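Here's the structure we're looking at; comments come further down.
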Amino acid sequence: MKNLSSIVSLSFPLSLLCLPLLAYSECTCDQDPEENDKTKTIRYKLVAISSILIASALGVTIPIFGKKISPLNPEKSFFFLIKAFSAGVILSTGFVHIFPDAYKSLTSPCLNEKPWSEFPFAGFVAMVSAVMTMMIDSFATSYYRRLHFEKALPVSGNEEMERKHEGHVHVHTHASHGHAHGSALITDASSTSSHFRHRIVSQVLELGILVHSVIIGISLGVSESINTIKPLIAALTFHQFFEGMGLGGCISQAKFKAQSMVVMVIFYSLTTPIGIGIGMGITQSYNENSPTALIVEGVLNSAAAGILIYLALVDLLAEDFMKPKFQSNFRLQLGASISVLVGMGCMSLLAKWA
């Protein structure tokens, strides 16, 4: 599991850093002319790096360290409200922020009409990525569940054989004990399965977020318009903070080792600022309207949208809303529903600027 976490955290962000290099020379559409003052734009970009870094770190760490505070404990009702709000943010990120950008990129007039205008590639890639996420979720969870049973059952079998040699009275005593032991084993297996599922969800969620974060970071970094950068700083700061809370809640429930949590927090916090830095470095040679840039960004954004939409609806919202604790508590259901809507609304509003 630790190796899986390391691979997910390291391979995809590093591969995405090659994105700007693919867009250096191919260009069929001119870049939009923008008024710019290089000194001021650099200053604003440095402000963006600082504010987004701080907001990202705060957003992702609040749920992790907040579990030591009673109201933010994962078992408390208030935590479910925070998680519902975060799920709404992530859902809005997929539907309102990422997917429209992907659709715009893959239907751009700068691309050849065939095949890009003849098939809805953005929706297709998003659908495939959502189904692939479901398959990874299912297969990985079942694998770790079987692995746990293989380790647990032999011990139970040895205890059973030892107790069979005891007296008749002890056999009857063991019968009741065995039933309890079996129930405990099943409960433990279920708990372990849920534990591993939380880990898988948090890793796949971070993957989807990192893909998007690199792209938006590069987009801000290459911009030379102060009028564009100013609203983006505020919008992306809130964007990263809210998104970080959603990711942090999942990491908190997954109960990773401290080292793994630190790695995940660092990658989330640094990905967008690094993307901005790369964008600043390739401003003169990068053309966001080149076919290669549009295709790569469109496909990656579509995949990220599919991942985030699936995780928000299935692994975050549906899982919590179907729990007995939710079903038996109308106030909690109502509060969580409102939290989801507020999260969706706040994040959707930011789409006006970012």
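Residue numbers for the sequence shown, in mature numbering (1 follows the signal peptide of the UniProt record, and there is no 0): -25 to -1, 1 to 329. The C-beta atom is built at its ideal place from N, Cα and C for all residues, glycine as well. Computed from a predicted structure; not experimentally measured.
Extent of the continuous alpha helix (DSSP H) to which residue i belongs
{"i": "ASP76", "result": "74 to 81"}
{"i": "ALA233", "result": "233 to 256"}
{"i": "ALA59", "result": "52 to 67"}
{"i": "residue 334", "result": "Outside the displayed span of the chain (-25 to 329) sits residue 334, for which this structure offers no information."}
Local conformation of residue i per DSSP, three classes
{"i": "LEU28", "result": "helix"}
{"i": "TYR261", "result": "coil"}
{"i": "MET297", "result": "coil"}
{"i": "GLU88", "result": "helix"}
{"i": "GLU93", "result": "coil"}
{"i": "SER303", "result": "coil"}
{"i": "ILE111", "result": "helix"}
{"i": "LYS230", "result": "coil"}
{"i": "VAL326", "result": "Per the sequence shown, the amino acid found at residue 326 is Ala instead of Val. The answer is coil: DSSP assigns ALA326 none of H, G, I, E or B."}
{"i": "ILE208", "result": "helix"}
{"i": "LYS15", "result": "helix"}
{"i": "LYS20", "result": "helix"}
{"i": "ILE44", "result": "coil"}
{"i": "LEU275", "result": "helix"}
{"i": "ARG138", "result": "For ARG138, the predicted structure reports a pLDDT of 48, less than 50, and the residue's modelled location is therefore unreliable. A value from the coordinates is still provided. ARG138: helix per DSSP, three-state reduction."}
Distance, residue j Cα to residue i Cα
{"i": "PHE305", "j": "LEU56", "result": "13 Å"}
{"i": "PRO299", "j": "ILE24", "result": "43 Å"}
{"i": "LEU33", "j": "GLY256", "result": "27 Å"}
{"i": "ILE204", "j": "ALA326", "result": "14 Å"}
{"i": "residue 331", "j": "ALA30", "result": "One cannot answer for residue 331 here, as it falls past the ends of the chain, which runs -25 to 329."}
{"i": "ALA280", "j": "ILE37", "result": "25 Å"}
{"i": "THR14", "j": "SER188", "result": "25 Å"}
{"i": "ARG120", "j": "ARG172", "result": "10 Å"}
{"i": "VAL289", "j": "ILE253", "result": "34 Å"}
{"i": "ILE227", "j": "ILE39", "result": "Before going on, a small fix: residue 227 reads as Ser here, not Ile. Near 5 Å, if we compare the C-alpha coordinates of ILE39 and SER227."}
{"i": "TYR118", "j": "MET110", "result": "12 Å"}
{"i": "LEU283", "j": "ILE201", "result": "31 Å"}
{"i": "VAL237", "j": "SER244", "result": "10 Å"}
{"i": "SER198", "j": "ILE251", "result": "10 Å"}
{"i": "residue 343", "j": "GLY192", "result": "Limits of the chain in this structure are -25 at one end and 329 at the other, which puts residue 343 out of reach."}
{"i": "LEU182", "j": "THR258", "result": "26 Å"}
{"i": "SER312", "j": "ALA59", "result": "7 Å"}
Buried versus exposed call for residue i [16 or more other C-beta atoms within 10 Å across all chains shown]
{"i": "LEU309", "result": "exposed"}
{"i": "ILE17", "result": "exposed"}
{"i": "ARG174", "result": "buried"}
{"i": "MET319", "result": "buried"}
{"i": "residue 330", "result": "Any question about residue 330 goes unanswered here, given that the chain covers just -25 to 329."}
{"i": "VAL106", "result": "exposed"}
{"i": "PHE213", "result": "buried"}
{"i": "VAL103", "result": "exposed"}
{"i": "PRO84", "result": "exposed"}
{"i": "SER260", "result": "exposed"}
{"i": "SER303", "result": "exposed"}
{"i": "ASN276", "result": "buried"}
{"i": "MET220", "result": "buried"}
CB contact below 8 Å: residue i versus chain C
{"i": "SER244", "result": "Going by chain labels, chain C is absent from the structure shown, which holds only one protein chain."}
Exercise. If you scan the region 170 to 206 from start to end, which runs of the beta strand (DSSP E) of 3 or more residues do you find wholly inside it?
Worked result: Counting only runs of 3 or more, we get nothing.
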